[in-house]
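Undergrad: Could you have a look at this structure, given as structure tokens, before my questions?
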Amino acid sequence: MIKVIIIDDETHCTNVLQNLIEKAHSDYTVTGVFTNPLQGLEFIKKNPPDLLFLDIEMPNLNGFMLLDNLLPIDFDVIFTTAYDQYAIKAFRYSAINYLLKPITEKSIVKALSSWEKRRKKTSAKQWEMLQDQLKDEKKECSQIALPTGIGYQIVEIENIVRCQSDSNYTNIFCKDDNKILISRTLKDIEELLKDHGFLRVHQSHLINPQFVKGILKYDGGSLIMNNNAEVPVSRQKAKQINKILETMLRFK
Numbered sequence: 001m002i003k004v005i006i007i008d009d010e011t012h013c014t015n016v017l018q019n020l021i022e023k024a025h026s027d028y029t030v031t032g033v034f035t036n037p038l039q040g041l042e043f044i045k046k047n048p049p050d051l052l053f054l055d056i057e058m059p060n061l062n063g064f065m066l067l068d069n070l071l072p073i074d075f076d077v078i079f080t081t082a083y084d085q086y087a088i089k090a091f092r093y094s095a096i097n098y099l100l101k102p103i104t105e106k107s108i109v110k111a112l113s114s115w116e117k118r119r120k121k122t123s124a125k126q127w128e129m130l131q132d133q134l135k136d137e138k139k140e141c142s143q144i145a146l147p148t149g150i151g152y153q154i155v156e157i158e159n160i161v162r163c164q165s166d167s168n169y170t171n172i173f174c175k176d177d178n179k180i181l182i183s184r185t186l187k188d189i190e191e192l193l194k195d196h197g198f199l200r201v202h203q204s205h206l207i208n209p210q211f212v213k214g215i216l217k218y219d220g221g222s223l224i225m226n227n228n229a230e231v232p233v234s235r236q237k238a239k240q241i242n243k244i245l246e247t248m249l250r251f252k
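So the sequence shown is numbered by the numbering used here: it starts at 1 and just counts up by one.
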């Protein structure tokens with residue numbers, strides 16, 4: 001039986017969450033529901049859950065302050081939030097679970113399914129990354145939390161050379177020759193890295209143009225990366241990508 005606690009200062013949100021969770025999974029038991037975060041904090045100290053649904057913006061004690069009082073955290077958290085798209089990107093970079101309000105049955109089922117597949121304790125560094133981003137919306141994300149088989153690895157985005165699809169997983173290749181297999185699709189990673197200049201050059205390949213050192217034009221074309229890896233370029237994208245890269249290489 002999975003023990004769940006819900007903390008949200010809006011009563012209608014706690015009611016909706018509790019009803020949807022119990023409807024979605026019979027093996028989930030809601031052991032506590034709180035609209036007062038201070039009461040919820042004291043309850044958790046004595047009755048730790050397996051999973052906490054936590055609102056961020058609450059009077060007296062916001063979600064982050066509540067978690068700071070529970071460190072080290074030995075349970076998982078899904079934030080419930082009405083934040084805008086910029087903040088949602090911060091959640092995704094830090095690989096922290098969230099649910100957008102208004103919460104629906106479909107979104108609850110999806111969130112719980114995702115959590116069950118990737119039960120990994122969130123690290124203190126991930127909390128720090130998320131809070132830093134939410135404090136300064138103009139700040140560019142410089143790091144990304146990558147979900148591995150044993151937890152999360154924090155990587156500087158500028159150190160990522162390329163990403164290669166492996167079915168529903170992705171291999172991340174870094175400039176220190178570190179290779180990380182993560183439980184995310186290449187499409188998921190592309191969504192996060194495209195704003196940092198990364199290019200999808202092939203169905204299975206995403207590259208950081210800063211690490212391209214050459215272009216080969218036989219058999220449809222390929223790129224030579226700084227670590228000497230050869231990456232194919234799809235025929236559909238070859239003309240556009242080669243034009244971009246040739247301009248970059250000219251000024252290297």
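Even for Gly, the Cβ is constructed at its ideal location relative to N, Cα and C. Since this is a predicted model, take the numbers as computed values, not measurements.
Please tell me whether Leu54 and Leu66 are closer than 9 Å, where the distance is taken between their beta carbons.
TA: Counted from its first residue, the sequence shown places residue 54 at position 54. Counted from its first residue, the sequence shown places residue 66 at position 66. Yes, these two residues count as a Cβ contact at 9 Å.
Undergrad: If you compare alpha carbons, which of Asp166, Tyr169, Lys135, Leu193 is closest to Val155?
TA: Here the question's residue 155 lines up with position 155 in the sequence shown. Taking only the C-alpha atoms, the option nearest Val155 is Leu193.
Undergrad: What is the rounded straight-line gap between the Cα of Lys45 and the Cα of Glu140?
TA: Residue numbering aside, residue 45 sits at position 45 when the sequence shown is read from its first letter. Residue numbering aside, residue 140 sits at position 140 when the sequence shown is read from its first letter. So the two alpha carbons sit approximately 35 Å from each other.
Undergrad: List the endpoints of the continuous beta strand (DSSP E) containing Lys217.
TA: To locate residue 217, count along the sequence shown from 1; it is residue 217. Looking at the DSSP string, Lys217 is not in any beta strand (DSSP E), and its letter there is neither H nor E.
Undergrad: Do the region 17-27 and the region 100-114 meet, that is, are 3 or more Cβ pairs less than 8 Å apart?
TA: The region 17-27 is in contact with the region 100-114.
Undergrad: Quick one: grab the DSSP three-state call for Asn228.
TA: What you label residue 228 is simply residue 228 of the sequence shown in a count that begins at 1. It is coil, neither helix nor strand.
Undergrad: The beta strand (DSSP E) spanning Pro147 covers which residue range?
TA: For this step, residue 147 is matched to residue 147 along the sequence shown. Here the beta strand (DSSP E) through Pro147 covers 143-147.
Undergrad: Per DSSP, what kind of secondary structure is Gly63 in: helix, strand or coil?
TA: Residue numbering aside, residue 63 sits at position 63 when the sequence shown is read from its first letter. Three-state result, Gly63: helix.
Undergrad: May I have the straight-line CA-CA distance separating Phe211 from Leu51, to the nearest angstrom?
TA: Here residue 211 refers to the residue found at position 211 when the sequence shown is read from its first residue. Here residue 51 refers to the residue found at position 51 when the sequence shown is read from its first residue. Roughly 41 Å separates the two Cα atoms.
Undergrad: Spatial neighbours of Asn159 within its chain, please: C-beta separation below 8 Å, excluding the five flanking residues on both sides.
TA: Counting from one through the sequence shown, the residue named residue 159 turns up at place 159. Hits under 8 Å: Cys174, Lys175, Asp176.
Undergrad: From which residue to which residue does the beta strand (DSSP E) around Leu51 run?
TA: Within the sequence shown, numbered from 1, the residue matching residue 51 stands at position 51. Run containing Leu51: 51-55, per the beta strand (DSSP E) assignment.
Undergrad: With a 10 Å radius around its C-beta and 16 neighbouring C-beta atoms as the bar for buried, classify Asn69 as buried or exposed.
TA: Residue numbering aside, residue 69 sits at position 69 when the sequence shown is read from its first letter. With fewer than 16 other Cβ atoms within 10 Å, it is exposed.
Undergrad: Assign His12 to buried or exposed, taking buried as 16 or more other Cβ atoms, counted over all protein chains shown, within 10 Å of its Cβ.
TA: Translated into the one-based positions of the sequence shown, residue 12 becomes position 12. By the neighbour-count rule (16 or more Cβ atoms within 10 Å), His12 is not buried but exposed.
Undergrad: Taking the C-alpha atoms as reference points, what is the distance between Ala145 and Gly40?
TA: Here residue 145 is taken as the residue at index 145 of the sequence shown, counted from 1. Here residue 40 is taken as the residue at index 40 of the sequence shown, counted from 1. For Ala145 and Gly40, the distance between alpha carbons rounds to 28 Å.
Undergrad: Quick one: grab the DSSP three-state call for Asn242.
TA: Working through the sequence shown from its first residue, we reach residue 242 at position 242. Of the three classes helix, strand and coil, the one that applies to Asn242 here is helix, per DSSP.
Undergrad: Between which two residues does the alpha helix (DSSP H) containing Gln203 stretch?
TA: For the purposes of this step, residue 203 is identified with residue 203 of the sequence shown, where counting begins at 1. Element bounds for Gln203: n/a, residue is neither H nor E.
Undergrad: Smallest Cα separation from Gln143: which of Tyr98, Ala90, Leu112?
TA: On the sequence shown, position 143 is the one that residue 143 refers to. Answer by Cα proximity: Ala90.
Undergrad: When burial is assigned at 16 or more other CB atoms within 10 Å of the CB, is Pro59 buried or exposed?
TA: Along the sequence shown, one-based indexing puts residue 59 at 59. Flag for Pro59 reads exposed.
Undergrad: In the structure shown, what three-state DSSP assignment does Leu70 receive?
TA: Working through the sequence shown from its first residue, we reach residue 70 at position 70. It is coil, neither helix nor strand.
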